[in-house]
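Just so you know, the sequences run in chain order A and B. The numbering used here puts the first sequence at residues 457 to 703. The numbering used here puts the second sequence at residues 25 to 242. Note that beta-carbon positions come from the ideal geometry of N, C-alpha and C, so glycine has one too. Given the structure is predicted, the values throughout are model-derived calculations rather than measurements. Below is one structure, written out as structure tokens; comments come after it.
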Amino acid sequence: MTPRWKFWLIGGLVIAVLAAAIYFPILRRRVKRAAKLQQQSEEQARRELTQPIAINPGDPRVKTKLFWASDTIESTLVPVTVELPLSNDPVLRSKQVLNTLLAGPVDAELRTLPPDALLLAFYLLPDGTAIADFSEALATSIPSGIVSEQLAVNSITRTLEANVPQVQRLKILIHGQEVETLAGHLDLAEAFVVNTKPAQPQVKPAPAQSSTDKPATPASDKATAPAPRPLTADKPPGRLAQPERKP
Amino acid sequence: MVGSPVGAQAQQAGFNIVVLDPAHGGTDPGARGTGGIRESEIVLDFVIQVRRALELQGFQVVQTRQGNENPSFDDRSATANAQRGAVFVTLHISSTGLPGTARVYVNSDLPPVADSNGLIPWDRAQAPFLGLSRTFGDLVQGYLTQRFKGSPDTAQTASVRQLRTTATPAIAVEISSVTVEDRADLDRMAPGVADAIARGAAVFKPSYVVPNTRGALP
Chain A
457 MTPRWKFWLI
467 GGLVIAVLAA
477 AIYFPILRRR
487 VKRAAKLQQQ
497 SEEQARRELT
507 QPIAINPGDP
517 RVKTKLFWAS
527 DTIESTLVPV
537 TVELPLSNDP
547 VLRSKQVLNT
557 LLAGPVDAEL
567 RTLPPDALLL
577 AFYLLPDGTA
587 IADFSEALAT
597 SIPSGIVSEQ
607 LAVNSITRTL
617 EANVPQVQRL
627 KILIHGQEVE
637 TLAGHLDLAE
647 AFVVNTKPAQ
657 PQVKPAPAQS
667 STDKPATPAS
677 DKATAPAPRP
687 LTADKPPGRL
697 AQPERKP
Chain B
25 MVGSPVGAQA
35 QQAGFNIVVL
45 DPAHGGTDPG
55 ARGTGGIRES
65 EIVLDFVIQV
75 RRALELQGFQ
85 VVQTRQGNEN
95 PSFDDRSATA
105 NAQRGAVFVT
115 LHISSTGLPG
125 TARVYVNSDL
135 PPVADSNGLI
145 PWDRAQAPFL
155 GLSRTFGDLV
165 QGYLTQRFKG
175 SPDTAQTASV
185 RQLRTTATPA
195 IAVEISSVTV
205 EDRADLDRMA
215 PGVADAIARG
225 AAVFKPSYVV
235 PNTRGALP
């Protein structure tokens, strides 16, 4: 190989290395941006699918009992009474109370459900069996254990029992699927008993709700308003009424 | 389905086998503490001490797993259901709860067993044993509460998946918790837990009259 050829070969290699050094960071940025865009679109799609039912200010304000963990007795629930505008439609009403339960109490330590868990869908069958479909976070983010899993399910069933008399039983799904346990302990194979009393006749719906007060199943998952925010110190739910304590 | 014809009249007293189930294992570590504590490992260590205490009381012990495997819920139940005259204890460590306490669980009420063909449906195998499980659970909980202050006085009720398919008096014992900073805090509980289970089983023994027909209902 002549010195001239060597010169051109080395020069070509140097140019190739320089081009790669310039191009690779650009390529890496593009790949990252594409991944981010994909993630954002997935999040957007999930948000659109799971946007919870709004609290409609036109609905009658009713005293609502939400069951969160007790701050005095370990591993027990206490009802906290808040006034919320709730629909008369049992499916919408169930979604409203469960989304408020998921949003959590003022004191995050008293949560019973993971903060990233979402209610994906809620259905009510004519026989009073409700089906609540939660996101995977309910199973993956909950602290594993009999006591914590039971507290989570009890907070859901007791909140429904206190506020939606039409719900007699509750079957819990995770991301649309039947699962054996919540997080390795609590049995989700069967429906949980919510209400043993027969449902009261439904109250005449408020005019604002007339379009939604029809047979409740299956309920639409689409909604138009933002999720209820976590109850803040400005409106402390626990202060509106004395929590009732049960042993 | 589990068992064979219901209604065997002749019975023999007392059980002699305790099936111990260290929960989780294999790819399922169970509850995990910030200090790297894994429920699946601790329960296995607890079981060694529980086994020793039970053997001192004259019981034969069968384990659902010996090492870091993860048998299915049904496989674990099958181990218990294959024994004649046994009780079942599944051991857990919780992620929450007051550290240094222990809770005993018995399964929630199950729909009654249809006995037209004399067989117990597998998915409700625990149903005929709920009363016995409650008696056994209250006894063990009583001994645990004597040792671990702050524990409940009586056994709790919960829909524990592992218990539902078990056709023996069956309890879950859950110890709080993996959140302890030092694993030694949990290890110190092991002798007390072992003693409570062994004493509970010994006192419970006369209450459980084992039918002499294999699989017959209590």
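- Rounded to the nearest whole angstrom, the C-alpha separation of A:E617 and A:H641 is 23 Å.
- Annotated as proximal: B:S119 and A:S604, with beta-carbon spacing under 8 Å.
- B:T203 has no beta-bridge partner at all, per DSSP.
- A straight line joining the alpha-carbon of B:I117 with that of A:R517 spans about 43 Å.
- B:Q180 carries a strand assignment under DSSP once its states are collapsed to helix, strand and coil.
- A Cβ-Cβ contact shorter than 8 Å links B:V74 with B:V217.
- Annotation for A:A586: L580, V623 and L626 place their beta carbon closer than 6 Å to its own, counting only its chain and skipping 5 residues before and after.
- Interface residue (Cβ-Cβ distance to chain A less than 8 Å): B:Y129 is classified as such.
- Out of B:R185, B:A225, B:Q87 and B:G121, the CA that lies nearest to the CA of A:V635 is found in B:R185.
- In the three-state reduction of the DSSP assignment, B:R212 falls in the coil class, being assigned neither a helical nor a strand state.
- Contact of A:T652 with chain B by beta-carbon distance below 7 Å is absent, the smallest such distance being about 12 Å.
- Not a single C-beta of chain B is nearer than 8 Å to the C-beta of A:T568.
- Between A:L574 and the set A:V470, A:V553 and A:K521, the nearest pair of CA atoms involves A:V553.
- In the DSSP assignment, the residues bridged to A:A586 are A:L580 and A:L626.
- A check of alpha carbon separations from B:M213 across B:T58, B:G124, B:A55 and B:I195 identifies B:G124 as the nearest.
- Under the three-pair Cβ rule at 8 Å, the region 78-89 of chain B does not count as touching the region 164-183 of chain B.
- With respect to the C-alpha of A:A577, the residue from A:L569, A:G514, A:G632 and A:A477 having the closest C-alpha is A:G632.
- Taking CB atoms only, B:G161 has no neighbour in chain A less than 8 Å away.
- Here B:T190 is near B:F112, since their CB atoms are less than 8 Å apart.
- Distances from the CA of B:A226 to each of B:P46, B:A110, B:N94 and B:D98 were compared; the closest alpha carbon is that of B:A110.
- Looking only at A:K521, A:T596, A:L638 and A:P570, the smallest Cα-Cα distance to A:P541 is reached by A:K521.
- Listed along chain A, no residue sits closer than 8 Å to B:R158 by beta-carbon distance, the nearest being about 16 Å off.
- DSSP lists no beta-bridge partner residue for B:Q90.
- Within the same chain, and ignoring the five residues on either side of B:A151 in sequence, the residues whose Cβ sits closer than 6 Å to its Cβ are L134 and V137.
- In the displayed model, B:Q107 falls within coil according to three-state DSSP, outside both helix and strand.
- Put simply, the backbone Cα of A:D643 is about 23 Å away from that of A:V534.
- Looking only at A:R484, A:E530, A:F463 and A:K462, the smallest Cα-Cα distance to B:P176 is reached by A:E530.
- When secondary structure is reduced to three states using DSSP, B:E198 falls in the strand class.
- According to DSSP, A:F648 shares a beta bridge with A:L626.
- Taking 8 Å as the threshold, the shortest C-beta distance from A:P599 to chain B falls below it.
- Scanning chain B for C-beta atoms nearer than 8 Å to the C-beta of A:Q633 yields nothing, as the closest lies near 16 Å away.
- For A:A573, the secondary structure class from DSSP, reduced to helix, strand or coil, is coil.
- Residue burial is scored here from C-beta neighbours: B:Q90 has fewer than 16 other C-beta atoms within 10 angstroms and is therefore classed as exposed.
- A:R460 is classed as exposed because its beta carbon has fewer than 16 other beta carbons within 10 Å across all chains shown.
- The residue from B:V42, B:L44, B:A208 and B:H48 with its alpha-carbon nearest to that of A:I602 is B:H48.
- Under the 8 Å criterion on CB atoms, A:G640 is classed as interfacial with respect to chain B.
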